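A short worksheet on the structure shown next.
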Amino acid sequence: MKPRIANPIALAPEQVKAMMALENSFAATGLDPVLLELVRLRVSQINHCAFCIHMHTGLLRKDGQSEMRLYMLDAWRESSLYTPRERAALGWAEALTRLSETHAPDADYEDFAFEFSEAEQVQLTFAIGAINTWNRVQVGFRAAHPVSAEDRARVAA
15 MKPRIANPIA LAPEQVKAMM ALENSFAATG LDPVLLELVR LRVSQINHCA
65 FCIHMHTGLL RKDGQSEMRL YMLDAWRESS LYTPRERAAL GWAEALTRLS
115 ETHAPDADYE DFAFEFSEAE QVQLTFAIGA INTWNRVQVG FRAAHPVSAE
165 DRARVAA
């Protein structure tokens with residue numbers, strides 16, 4: 015896949031600065047960083063953003079998350095590897111990412127509201143919006159994820 019624009023991030027420094035300020039603000043919310051990364055990865059899976067899937071998978075690995083939790087994220091509803099809080103966040107993230115299909119159903123919101131305070135609900139909803147924005151920039155301009163030399167050789171063979 016060939017990128018449509020070589021480095022779109024470099025062409026919008028003020029917007030990237032604003033997005034990074036938003037991203038950095040999540041550290042002060044008290045939300046679990048692993049929960050935030052799981053949400054970012056799940057949203058990126060839904061949006062088919064290879065660049066972001068690569069990045070957030072790597073961050074979760076560095077944070078000590080098991081390979082099985084990473085593999086099963088796409089089927090989290092059928093897996094026992096996620097806490098009730100993670101499940102509520104993932105359900106809400108899916109509902110908002112697929113908004114035109116789901117219309118943010120009350121059942122998903124009720125699960126979300128049971129696990130999170132109102133402030134956390136708003137903060138996590140902003141995080142979901144932010145990763146959707148990053149996904150749209152990266153997918154829209156066909157950003158290429160890093161590829162190891164081993165994988166590059168395998169593909170070329």
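Residue numbers for the sequence shown follow our numbering, so the first one is 15 and each next one is one higher.
Quick reminder that beta carbons are idealized off the backbone N, C-alpha and C, glycines included.
All values derive from a computational prediction rather than experimental measurement.
Spatial neighbours of L13 in its chain, beta-carbon cut-off 7 Å, leaving aside the 5 residues before and after: Any question about residue 13 goes unanswered here, given that the chain covers just 15 to 171.
Could you check what DSSP says for P119 in three-state terms: helix, strand or coil? As a first step, residue 119 is located in the sequence shown; it is residue number 105 there, counting from the start. The answer is coil: DSSP assigns P119 none of H, G, I, E or B.
Please classify F128: is it buried, with 16 or more other beta-carbons within 10 angstroms of its beta-carbon, or exposed? Against the sequence shown, residue 128 aligns to sequence position 114. Note on F128: under 16 other CB atoms within 10 angstroms of its CB, so exposed under the neighbour-count rule.
Can you tell which of A89, E132, P17 and G78 has its C-alpha closest to the C-alpha of F65? As a working mapping, residue 65 is identified with position 51 in the sequence shown. F65 has its Cα closest to that of P17, out of A89, E132, P17 and G78.
Which ranges does the alpha helix (DSSP H) cover as unbroken runs of at least 4 residues, wholly within the stretch 79-123, from first to last along the chain? Runs of the alpha helix (DSSP H) spanning 4 or more residues and lying entirely within the stretch 79-123 occur at 81-86, 98-111 and 113-116, in chain order.
Nearest neighbour of A35, chosen from A144, P160, A158 and R156 [CA to CA]: By 1-based counting over the sequence shown, the position of residue 35 is 21. Selected option, being the one with the closest Cα: A144.
Any beta carbon from chain D within less than 7 Å of F126's own beta carbon? Protein chain content of the structure displayed is limited to a single chain, and chain D is not contained in it.
Check whether the Cβ atoms of S58 and H70 lie closer than 7 Å to each other. The residue you call residue 58 lines up with position 44 of the sequence shown. The residue you call residue 70 lines up with position 56 of the sequence shown. Closer than 7 Å, so yes.
Among A158, A24, Q29 and A20, the one whose alpha carbon lies nearest that of T147: Taking the sequence shown and counting its residues from 1, one reaches residue 147 at position 133. Comparing alpha-carbon positions, the option among A158, A24, Q29 and A20 lying closest to T147 turns out to be Q29.
With respect to the alpha helix (DSSP H) encompassing K76, which residues constitute its N-terminal and C-terminal limits? Within the sequence shown, residue 76 is the residue found at index 62, counting from 1. Here the alpha helix (DSSP H) through K76 covers A64 to K76.
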